[in-house]
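Scroll down for the structure; my scribbles are underneath it.
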Amino acid sequence: MRTPTKILLWFFVALYILYFGILGVQRYRTLYASYYDLGIMHQTVYNTFRAIQTLDFSRILEMTNTESPQQITRMAIHNDVLLAFLAPFYFIYASPITLIILQTLALAAGAIVIYYLCLEVFKKSAIAPIVGALFSLVWLLYPPMQRSNLYDFHAVVLSTTFLLGMYYLWVKKRYRWSGLFFVLSILSKEQVALTTLLFGVYALMRPVHVSLLSNPVRDTLKRIHSDKKNFMFSVLVIAASAIWFILSIFVIIPYFRGADHFAAARYGEFGESPGAIIWGIFHSPMTVVHSLIKNDAIRYVELLLGPLGYLSLFSPLHLLIVVPEFAINLLSNSPAMRNIIYHYTAVIQPFLFIAAIYGLKNVLSWIKRLPWIPASAGMTAKNTGRDSGRILSILCIFLLVMTMWYSYTKSPLIYSREREIHPFVYPQKEWVRAEYWAKQVQDETTTVSTTGQLAPYFTSRRYFYTFSKYYSQAQYVIIRPNEIYDYTEKAELVPVYERLVKDSRYRLVEKQDNFEVYKRI
Numbered sequence: 047m048r049t050p051t052k053i054l055l056w057f058f059v060a061l062y063i064l065y066f067g068i069l070g071v072q073r074y075r076t077l078y079a080s081y082y083d084l085g086i087m088h089q090t091v092y093n094t095f096r097a098i099q100t101l102d103f104s105r106i107l108e109m110t111n112t113e114s115p116q117q118i119t120r121m122a123i124h125n126d127v128l129l130a131f132l133a134p135f136y137f138i139y140a141s142p143i144t145l146i147i148l149q150t151l152a153l154a155a156g157a158i159v160i161y162y163l164c165l166e167v168f169k170k171s172a173i174a175p176i177v178g179a180l181f182s183l184v185w186l187l188y189p190p191m192q193r194s195n196l197y198d199f200h201a202v203v204l205s206t207t208f209l210l211g212m213y214y215l216w217v218k219k220r221y222r223w224s225g226l227f228f229v230l231s232i233l234s235k236e237q238v239a240l241t242t243l244l245f246g247v248y249a250l251m252r253p254v255h256v257s258l259l260s261n262p263v264r265d266t267l268k269r270i271h272s273d274k275k276n277f278m279f280s281v282l283v284i285a286a287s288a289i290w291f292i293l294s295i296f297v298i299i300p301y302f303r304g305a306d307h308f309a310a311a312r313y314g315e316f317g318e319s320p321g322a323i324i325w326g327i328f329h330s331p332m333t334v335v336h337s338l339i340k341n342d343a344i345r346y347v348e349l350l351l352g353p354l355g356y357l358s359l360f361s362p363l364h365l366l367i368v369v370p371e372f373a374i375n376l377l378s379n380s381p382a383m384r385n386i387i388y389h390y391t392a393v394i395q396p397f398l399f400i401a402a403i404y405g406l407k408n409v410l411s412w413i414k415r416l417p418w419i420p421a422s423a424g425m426t427a428k429n430t431g432r433d434s435g436r437i438l439s440i441l442c443i444f445l446l447v448m449t450m451w452y453s454y455t456k457s458p459l460i461y462s463r464e465r466e467i468h469p470f471v472y473p474q475k476e477w478v479r480a481e482y483w484a485k486q487v488q489d490e491t492t493t494v495s496t497t498g499q500l501a502p503y504f505t506s507r508r509y510f511y512t513f514s515k516y517y518s519q520a521q522y523v524i525i526r527p528n529e530i531y532d533y534t535e536k537a538e539l540v541p542v543y544e545r546l547v548k549d550s551r552y553r554l555v556e557k558q559d560n561f562e563v564y565k566r567i
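In our numbering, the protein residues as written are 47 to 567.
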């Protein structure tokens, strides 16, 4: 049975890579990507790549400040140093396309991990390969993941598969490899360490979590120490996670930024600094409740759990691991963090799937204990019987129906009500001129300023300036006026654009409909 399901698995994975690889690249080429965040990430990785090439290590993780003309280190914004490890791939092809493909490959690989995790969880059952293939398909059809894949590029999105790999390898007791994926995960963004910290606690308590309340303290400690390798691994994960989070939030980011983390402003009702915010969350439970109600937490949770048929709820201990990430998103005053089209679900997803897999197993186990279920329904009994198969079939059909419903209503696929077809059907015609001018100014010493959706084409350079009042730092200013008038910052940018048009230091060298190029004289 495994061979057909593996063929099906690889078919699903290949189809996902082909579809989202092409769509992601087409989205970039036709100007549906943006400076926030494909342009920023590309410039950071490109500068690191050039640092390796030229041995000018001052360029490692360097980017141009989005709010001023100064150069800064990426850690002034986020401690996602994993970006530096992507630079060697630029020796193959130094382009935003490389990041898009890497992100797609990483997420697709998660389906393979899911398959083997299902084999492990259901290893005493003949239907394990079928369950594995089903959950792999659900993974690839999961709307929040598909959306995060398309929304430009973020290092933290890679942690979706890294965290999943960390957990699976821990289950297999391959602690060194699990540790490697743990390290990759926390390097993808500073707050991921909170999730890995709770994973470490879960791993430490796993030998006793079922019977913790019914055993004396001495017996509990004995159980924890019974697997010394697991004990050491768990303690190291907990300690490393705590240290990395504290260093990131209170030392590294403030050092490079010269101030507290910029995202602290999103939690102003709890405090003004990261420390005050953490204290405020624990000290003001009613404020937390008010924030959850105000921020439509139920709808957000529904969009995350619904595609999994709510099976994750039947393994609550796994859900507890991502409570910090849920809190970060739900308590923020930024609605974007509760919108599944962005990357903010990346850390939550792997543990939702892990919980759903174990949740399915738990439901089957509970059902077979009901007095009206024949003994033959037991999954591990000899001759499992038709009843077990029927119960599993019903649950799997329910899961598939829920997945397809949310895929139809929320995914970017072509059959969805929210399908993403614009890059193919409505390509923004200025992309042709953007591609042409990217070649004309490809010398990385040429400084350029552009509007947001043009930016990914022009960030292969040390100094790049998103269009703002600092445009005069650039030798070339390349814009699409409609972006300026459509920006939320148009009140600020329209006067800047009008000043550029009259600026005697710049000469208009091209004007075609919605595309303008200015060169500094």
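Just so you know, even glycine gets a beta-carbon here, dropped at the ideal spot from N, CA and C. Since the model is a prediction, treat every value here as computed from it, not as a measurement.
How is residue i classed by DSSP in three states: helix, strand or coil?
i, result
"V368", "coil"
"V184", "helix"
"S514", "coil"
"E318", "coil"
"K428", "Legend: pLDDT at K428 = 46, less than 50; position of this residue unreliable, value from coordinates given subsequently. Correct three-state label for K428: coil."
"K565", "strand"
"L377", "coil"
"E108", "strand"
"Q499", "helix"
"W412", "helix"
"I173", "coil"
"Y461", "coil"
"S260", "Reliability fails at S260, whose pLDDT of 49 lies under 50, so the model's placement of it is uncertain and the value that follows must be treated cautiously. In this structure, S260 counts as helix in the three-state DSSP scheme."
"T534", "coil"
"Y78", "coil"
"R508", "coil"
"I609", "Any property of residue 609 remains undetermined from this structure, which presents the chain solely from 47 to 567."
"G225", "helix"
"R545", "helix"
How far does the beta strand (DSSP E) with residue i in it reach, from first residue to last?
i, result
"S495", "V494 to T496"
"T119", "Q117 to T119"
How many whole angstroms separate the CB atoms of residue i and residue j, which I take to be in contact at a CB cut-off of 8 Å?
i, j, result
"V563", "W477", "So it is not a contact: roughly 14 Å between Cβ atoms."
"K407", "F168", "7 Å"
"L363", "Y248", "7 Å"
"G317", "W325", "7 Å"
"L196", "G70", "6 Å"
"L210", "V159", "5 Å"
"S194", "A322", "At roughly 30 Å, the Cβ-Cβ gap does not stay under 8 Å, so S194 and A322 are not in contact."
"M121", "I299", "6 Å"
"A401", "S361", "4 Å"
"S453", "P189", "6 Å"
Whose C-alpha, out of the options, is nearest the C-alpha of residue i?
i, options, result
"V127", "P142, E108 and T144", "E108"
"R340", "R384, T49 and L365", "The residue you asked about is not Arg; residue 340 is Lys in the sequence shown. The shortest C-alpha separation from K340 is found at R384."
"Q499", "Q519, Y509 and D532", "D532"
"S550", "T534, I374, I567 and K557", "I567"
"E371", "L357, L350, S361 and G355", "L350"
"V523", "R508, V547, T534 and K536", "V547"
"F131", "Y472, L101, L153 and T90", "T90"
"A179", "I53, N528 and V203", "I53"
"A174", "W185, L354 and Y162", "Y162"
"T144", "L84, Y404 and A285", "L84"
"S506", "K485, V471 and Y62", "K485"
Can you give me the start and stop residues for the alpha helix (DSSP H) that residue i sits inside?
i, result
"R553", "Not the alpha helix (DSSP H): R553 falls in the beta strand (DSSP E), residues Y552 to Q558."
"I289", "K274 to L293"
"I524", "Here I524 belongs to no alpha helix (DSSP H); instead the beta strand (DSSP E) covers Y522 to I525."
"V334", "P331 to K340"
"V347", "A343 to L351"
"M251", "V238 to M251"
"Q192", "P189 to L196"
Decide if the stretch 508–518 is in contact with the stretch 535–549; the criterion is three or more beta carbon pairs, one per stretch, under 8 Å apart. Cβ pair count under 8 Å is three or more, so yes.
Check whether the stretch 491–506 and the stretch 73–86 are in contact - that is, three or more C-beta pairs closer than 8 Å. Three or more pairs of CB atoms, one per stretch, sit closer than 8 Å, so the stretch 491–506 contacts the stretch 73–86.
Count the C-beta pairs between the stretch 235–243 and the stretch 289–296 that are closer than 8 Å, then say yes if the count reaches three, no if not. Between the stretch 235–243 and the stretch 289–296 there are three or more C-beta pairs closer than 8 Å, enough to call the two in contact.
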